[in-house]
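One line per chain: the protein sequences are A and B, in this order.
Just so you know, the first sequence maps onto residues 84 to 350 in my numbering.
Just so you know, the second sequence maps onto residues 1173 to 1544 in my numbering.
Glycine residues also receive a C-beta, built at the ideal position from the N, C-alpha and C atoms.
See structure below.
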Amino acid sequence: MRERPGLLAGLVLIALVNGVILAGVAWNRSAVEAQVELTERELDFHGDLEPDEDSGLSLRLHWEDGREWPAPGRLDREKLREIGFDVRIDPADPKAAEHYRSALARKAFMVLQMEGDAWRQRIAKKERHLDELKADSHTRREEIENAQNSLDADRRMGSRLIAVDAGLDPQGLRARYPDRSRYLILPARFDLQFSPMYENRPAHLFGTVELLVAEVHVPLELRPLLDAVRRQRNRESSQEGVVQMPLFRAAVAVGRRYEPRLVSVGR
Amino acid sequence: MIQIVIPSRPDAIEVASSKPAAQKRADRIAAFREELEELEREGVLVLPPEERARVVAHHEELRRELASRFDVDLGERARQLSWGMRVASFLGAVALAASAFFFLYRIWGLLATPVQVAILAGGPALLLIATDFAARRERSGYFAALIGLVAFTAFFLNVLMLGKIFNITPSPGAFLAYGLFGMVLAYAYGGRLNLVLALAALAAWQASWMITWTGAVWTELFERPETFFPTGLLFFAVPFAVPHRGRLELLPVWRAVGLIVFLSAVLHLTFSGESSFLRDLGDERVEIAYQILGFLVSAAAIWLGIRRGWRESVSTGGVFFVIFLLARFFDWWWDWMPRYLFFLVVGGTAVLALWVLMRLRAATASRPVGEA
């Protein structure tokens, strides 16, 4: 082996890289930072390739984004400053557009609340909107039907996982949201957006968010039920008038490195 | 009378230190033979038969030695076949790598996690062993290069798929791993493509690392092209700074990749001043500054390449010079100039460049032999 330094170096490198990765996984799983029960409402089927070409299965976390975040978690200028963006220029300043147009995305942590006040407020907002439409005599029937259908779909299959806060320090966030069965704290990419003045709306800053780990791999032992559900959804996609209800629930745990994993799946 | 002295044993002379040097020697021998025949036909130089026979015998011995030790091409036909073998090796490597990639995706979901991990980690190890075996058994190195590229793909999948299986937060550390593995393959077993992949990965790793200094997430590495400047310069400098006794064929790769990395970043900045760290000076000023830098660096690459005999430096510098020039022409004139006039100007510029190069070549040819 000494006469083959390239082979030795390559094998050592492979062993080292795999060792580091697996050690990190073990460390992540050595503690449970949070464990939340989700359903098909919060977990979409996802795959990069056609199912024939990709036998793997992942579930994508489906959550509602920050554009409709209720306070106090809104991704407004103050929150963006907290995350580390340079927001010293007032959005109304003529130099603001140039200053903010090439801001780089930052990494921070997002707090997702499961079936809490944020979701109830979201549903209540939609109910109020529907009532307003019904109360207005000029509203067309189709508009009311669409609003009703949207509300029904949200109640039945809409995600109850709502983004409520963000910050740089995950432990600080956990201190603010201590319920580990209701709040997930996950790493995310935050982008700063500048919206110029438009009609009566003043210029303002807002943020958009994308989870850094948006999908959860499904290990083989948890596949049978999910494969059956996926087959059923594929059949339903070609049928009309199917009223969908969630067909599975799943426990998602987050470890020390705030990396999620699927723990269990059931009906 | 010409006296030719040939040592009694050919191995008393150092035949060559590397394959490129051996190929050059073989080419010189062939050129010498052809020229000697021509001189004899013209009656300028006729070697006495004995001495001619000794030179021929010596050259035959040398050619056999070179072919046996370095697998060089001993003629135009062999050279063309070698070229075909390189193309076949490249296509075969890419196809096999793609096959490995899609095969793994096809089966991985049907396997339990420990089996997945074993295959992902074991795959590149076995392929590395196979590469080593091929390198020892087959002198040309084509099979080793082919299997080496598949080993690199397997290692890439190793890291990528472990990330997917365990939902690991993406990290630029993966680029460092790819870069190091590619370097091991390139230097242990040859394969310029492995070095290209390794350098691309290392450039991405270094740029990711730099961009995080600004507080940005590492995935923004392409948003500030200046983060690629250090690696571009470093890669170009490696052949100067790091002695290469073996693997001389990799030196042009360092220079070419270094130039491509640096000049691609400069090219991006000539269009997009707001992506620069210096954008507070004004987008247009930044773009003009990088346009000038682009022209200067690509011209310098051409000049240095001509002086040192670095073909890759001349080609890469030349390509980028033309791109910078065309980009400027487009920027200045496309919107208002009639199309026929625009292309006439471009063509005229090419003719001017041709004239300049012809004059340069004539000036070089008029110098005595031995003077650069």
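Any chance you could list the beta strand (DSSP E) runs of at least 3 consecutive residues sitting entirely within the region 124-206 of chain A, in chain order? Entirely contained in the region 124-206 of chain A, the beta strand (DSSP E) runs reaching 3 residues are, in chain order, 126-129, 141-144, 189-197.
Does chain A have any CB closer than 8 Å to the CB of Tyr1361 (chain B)? Closer than 8 Å to some Cβ of chain A, the Cβ of Tyr1361 (chain B) qualifies, so yes.
Spell out the partners DSSP gives Phe273 (chain A) in its beta bridges. BP columns for Phe273 (chain A) point to A:Arg189, A:Val292.
What does Ser185 (chain A) touch in chain B if you count any residue whose Cβ is under 8 Å from its own? At a C-beta separation below 8 Å, Ser185 (chain A) has these neighbours in chain B: Glu1395, Glu1446, Ser1447, Arg1451.
According to DSSP, Tyr1277 (chain B) sits in a beta bridge with which residue or residues? Paired residues: none, contrary to the question.
For Trp1475 (chain B) and Leu1532 (chain B), the rounded distance between their alpha carbons: For Leu1532 (chain B) and Trp1475 (chain B), the distance between alpha carbons rounds to 11 Å.
Please tell me whether Leu144 (chain A) and Glu125 (chain A) are closer than 8 Å, where the distance is taken between their beta carbons. Yes, the Cβ-Cβ distance between Leu144 (chain A) and Glu125 (chain A) is below 8 Å.
Would you call Asn101 (chain A) buried or exposed, if buried means 16 or more other Cβ atoms sit within 10 Å of its Cβ? A residue is called buried when at least 16 other Cβ atoms come within 10 angstroms of its Cβ; Asn101 (chain A) meets this threshold and is buried.
In the structure shown, what three-state DSSP assignment does Pro88 (chain A) receive? In the displayed model, Pro88 (chain A) falls within a helix according to three-state DSSP.
Nearest-angstrom Cα separation, counted from Glu293 (chain A) out to Ile206 (chain A): Within the model, the alpha-carbon separation for Ile206 (chain A) versus Glu293 (chain A) is close to 23 Å.
Where does Lys178 (chain A) land, buried or exposed, given buried means 16+ other C-beta within 10 angstroms? Under this definition Lys178 (chain A) is an exposed residue.
How many angstroms separate the CA atom of Glu1543 (chain B) from the CA atom of Arg1483 (chain B)? With a pLDDT of 43 at Glu1543 (chain B), under the threshold of 50, the predicted position of this residue should be treated as unreliable, though the coordinate-derived value follows. Those two C-alpha atoms are separated by around 18 Å.
Rounded to a whole number of angstroms, what is the C-alpha to C-alpha distance between Ala336 (chain A) and Ile97 (chain A)? Spanning the two alpha carbons is a distance of roughly 29 Å.
Thinking just about the alpha-carbon of each residue, which of B:Leu1208, B:Arg1241, B:Phe1242 is nearest to the one in Val1227 (chain B)? Of B:Leu1208, B:Arg1241, B:Phe1242, the residue nearest in Cα terms is B:Leu1208.
When burial is assigned at 16 or more other CB atoms within 10 Å of the CB, is Glu151 (chain A) buried or exposed? Per-residue confidence for Glu151 (chain A) stands at a pLDDT of 49, beneath the threshold of 50, marking its modelled position as unreliable; the derived number appears in the next sentence. Residue burial annotation: Glu151 (chain A) is exposed, with fewer than 16 other C-beta atoms found within 10 angstroms of its C-beta.
Quick check on Ile97 (chain A) - is its C-beta less than 8 Å from some C-beta in chain B? Ile97 (chain A) counts as touching chain B.
Indicate the three-state DSSP secondary structure (helix, strand or coil) for Tyr1361 (chain B) in the structure shown. DSSP, read as helix, strand or coil, puts Tyr1361 (chain B) in helix.
Quick one: grab the DSSP three-state call for His212 (chain A). In this structure, His212 (chain A) counts as helix in the three-state DSSP scheme.
Where DSSP assigns a beta bridge to Ile268 (chain A), which residues make up the other side? Within the DSSP secondary-structure output, Ile268 (chain A) pairs in a beta bridge with A:Val194.
Tell me whether Lys1191 (chain B) is buried or exposed, calling it buried when 16 or more other Cβ atoms sit within 10 Å of its Cβ. Lys1191 (chain B) comes out buried.
With a threshold of 8 Å between beta carbons, is Asp137 (chain A) in contact with chain B? Taking 8 Å as the CB threshold, Asp137 (chain A) lines the interface with chain B.
Can you name the residues of chain A whose CB is closer than 8 Å to the CB of Asn1330 (chain B)? Under a criterion of Cβ atoms nearer than 8 Å, the residues of chain A adjacent to Asn1330 (chain B) are, in order, Ile97, Val100, Asn101.
Note down, in chain order, all residues in the region 279-304 of chain A with a beta-carbon under 9 Å from any beta-carbon belonging to chain B. Within the region 279-304 of chain A, the residues whose Cβ lies closer than 9 Å to some Cβ of chain B are Leu295, Val296, Glu298, Val299, His300, Val301, Pro302, Leu303, Glu304, listed in chain order.
Under 7 Å by beta carbon: chain A residues contacting Val1356 (chain B): For the C-beta of Val1356 (chain B), the chain A residues within less than 7 Å are, from N- to C-terminus, Gly89, Ala92, Gly93, Leu96.
Give the range of the alpha helix (DSSP H) segment to which Glu226 (chain A) is assigned. Residues 224-240.
Looking only at its own chain, which residues have a Cβ that is under 7 Å from the Cβ of Thr1488 (chain B), when we skip the five neighbours before and after it? For Thr1488 (chain B), where only same-chain residues beyond five positions count, the Cβ hits under 7 Å are Ala1428, Leu1431, Ile1432, Ala1473.
When the Cα atoms are used, what is the spatial distance from Arg243 (chain A) to Gly1295 (chain B)? Approximately 42 Å, taken between the alpha carbons.
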